[in-house]
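Working notes for the structure below.
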Amino acid sequence: MPKSQISVVELFAGVGGFRLALEGLPAPYGAASNGYKIVWANQWEPPGSTGRQFAYQCYVQRFDPDSQNPEQHSNEDIAIALDKAERGELHIPCHTLMVAGFPCQDYSVAKPLSQAEGIEGKKGVLWWEIYRFLQMKKPRFVILENVDRMLKSPTSQRGRDFAIMLSCFALLGYSVEWRIINAADYGFPQRRRRVYLLAEINAHEWDMEDQLSQSGIISEAFPLSFDPSSASEFRIDLDPYIVSQSFGTGHKASPFSNAGLMQNGAVYTAESTPVFSGEKVLLGDILIDENLIPEEFFIDDDSLSRWQYLKGAKSEHRKNKQTGFEYKYSEGGMVFPESLDQPSRTILTGEGGKAASRFKHVVQVKSGRFRRLVPEELELLQGFPPGWTNTGMSDVKRAFCMGNALVVGIPERLGQILKARIESE
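Residue numbering for the sequence shown follows our numbering, beginning at 264 and increasing consecutively.
Printed below as a string of structure tokens:
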């Protein structure tokens, strides 16, 4: 590899949001030139059937349609792949950066350190595969993306899951920055709140306040303001088992704020406010001309009342059909149709399909008609080129892929700052 390129491994790759952010647009969209190179990637959709691997097939078709080295793209359960790597049956190259947008699951620890080689999570809990990967390869940098509730789950021990992750990172010598970033706060056309975590192994000693306010990679990429007097500091035990048993017990709220740091088990965290003065892209800016929209995406008059009911506020009596139990059901209303002069709501995996839904996006176009968003618009809301997932999969699957994806511009900006830091060394 050229010295100017930073080597990357991408886990839980989906349709390649991280790769697109770091490498740049592949042919025929452009020429990858952002200074990073993916050297190994893993993507697998349970239960493993061929028909469920549409994200992986899109990934390979977009990035390496003529690849002569299929071992660069692993399409099997990450646990199986790492088992093979430990037995020497699979080569995962050394690399500088590992990235992952992994599913959020329960992080409970099954055994204490004193009773096991390392720590062992419950079967199927994907954080422990990331931890195993970090033990094996020890990349210098790690960037993770997940839902923001990760900072406060589970309800019985607020913040325990994130504390377990931080404990694991500390055991391996990593220092960690994190931030909940709402993409719309930094000019992107979607209100999508996700926690981004950036870790560095053997980092120099941090001035915590300075690192959080301006010296950190995340704070440089996404400026913020906060009141240092309101920050809180505490320590996390370096045994994840102890953390899993005691952290957050009896607490009504998580101690982790929307921005923070961890170094050597010491945590510094504060509620922050985004600072942004650039141009903002709105939902209306990404809509495709209605004359180009297939007819099946328009809502007919017979169905419109059903959409309006599902989107509207409710306070009504209902009965459980199986038990006969009667209860009062209430929920607030949602904007209908979507406001075109605002960033969109978060897109979900269920955006596809004609059936009326409370959560799917509906817009009203110039003709006065109502319609759903087409896959190309969902791609634009996530920062992908329109048509990215048009690789033979259905519109429902295309929507599923985008609901699972990330806003490409966020890791792109993080990658730019990280690359500049590495080059400055």
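Glycine included, C-beta positions come from ideal geometry on N, C-alpha and C.
Rounded Cβ spacing between residue i and residue j (contact assumed at less than 8 Å)
i	j	result
Ala516	Ala533	With 8 Å as the limit, Ala516 and Ala533 do not qualify as a contact, their Cβ atoms being about 14 Å apart.
Val530	Phe497	5 Å
Met269	Ile685	Note on residue identity: the sequence assigns Ile, not Met, to residue 269. Contact holds; Cβ gap of about 6 Å.
Gly277	Gln306	6 Å
Ile562	Glu640	Actually they do not touch by this definition, with Cβ atoms about 15 Å apart.
Leu461	Ile480	6 Å
Gly436	Glu542	About 40 Å separates the two Cβ atoms, so there is no contact after all.
Ala618	Glu594	Rounded, the Cβ-Cβ distance is 19 Å, inconsistent with contact.
Lys400	Cys357	7 Å
Through-space distance from residue j to residue i, alpha-carbon basis
i	j	result
Leu434	Ser493	28 Å
Lys584	Tyr590	12 Å
Ser419	His514	8 Å
Lys386	Gly351	Confidence in Lys386 is poor, its pLDDT being 46 and thus under 50, which makes the residue's placement unreliable; the coordinate value appears in the next sentence. Taking the straight line joining both Cα atoms gives about 23 Å.
Glu273	Gly631	44 Å
Glu236	Cys431	The structure shown has nothing for residue 236, since the chain only spans 264 to 688.
Ala348	Asn409	26 Å
Arg423	Leu524	16 Å
Ser568	Phe588	28 Å
Tyr592	Ser566	23 Å
Arg421	Asp500	16 Å
Gly672	Leu681	14 Å
Phe539	Ala342	41 Å
Glu675	Ser478	19 Å
Gly311	Phe275	14 Å
Glu559	Gly596	26 Å
Pro309	Met656	17 Å
Ser520	Gly279	29 Å
Tyr322	Phe510	39 Å
Pro518	Ser416	11 Å
Asp346	Gly650	36 Å
Ala426	Ala304	27 Å
Gly314	Asp340	15 Å
Trp469	Asn527	10 Å
Asp564	Phe622	19 Å
Glu472	Pro486	14 Å
Ser607	Phe281	22 Å
Beta-ladder partner(s) of residue i, from DSSP
i	result
Gly479	Answer is none; Gly479 lacks a bridge partner.
Asn409	Val458
His514	According to DSSP, His514 bridges with nothing at all.
Arg442	Tyr459, Ala522
Val272	Trp303, Met361
Glu594	Lys577
Ser487	Residue 487 is actually Leu in this sequence, not Ser. DSSP, once it has assigned bridges, lists Pro537 as partnering Leu487.
Nearest candidate by alpha-carbon position, reference residue i, set the options
i	options	result
Arg661	Val538, Gly646, Lys574, Glu642	Glu642
Asn297	Met471, His358, Ala683	Ala683
Met665	Ile343, Gly364, Thr313, His358	Gly364
Leu283	Ser687, Ala426, Thr652	Thr652
Arg456	Val271, Ala447, Ile464, Gly436	Ala447
Thr536	Ile427, Ile444, His624, Lys401	Ile444
Glu463	His358, Val598, Val439	Val439
Gly613	Pro402, Pro486, Arg635, Asp411	Arg635
Arg412	Pro375, Phe396, Pro366	Pro366
Leu414	Tyr394, Phe326, Arg442	Arg442
Pro638	Gln627, Leu611, Val628	Leu611
Glu688	Asp658, Gly287, Gln398, His467	His467
Ile505	Pro375, His354, Leu353, Thr609	Pro375
Asn338	Lys629, His354, Phe396, Tyr319	Tyr319
CB contact check: residue i to chain B, cutoff 9 Å
i	result
Phe485	No chain B is present in this structure, which holds just one protein chain.
Which full runs of the alpha helix (DSSP H) of 4+ residues lie inside the region 599-662, going along the chain?
638-645
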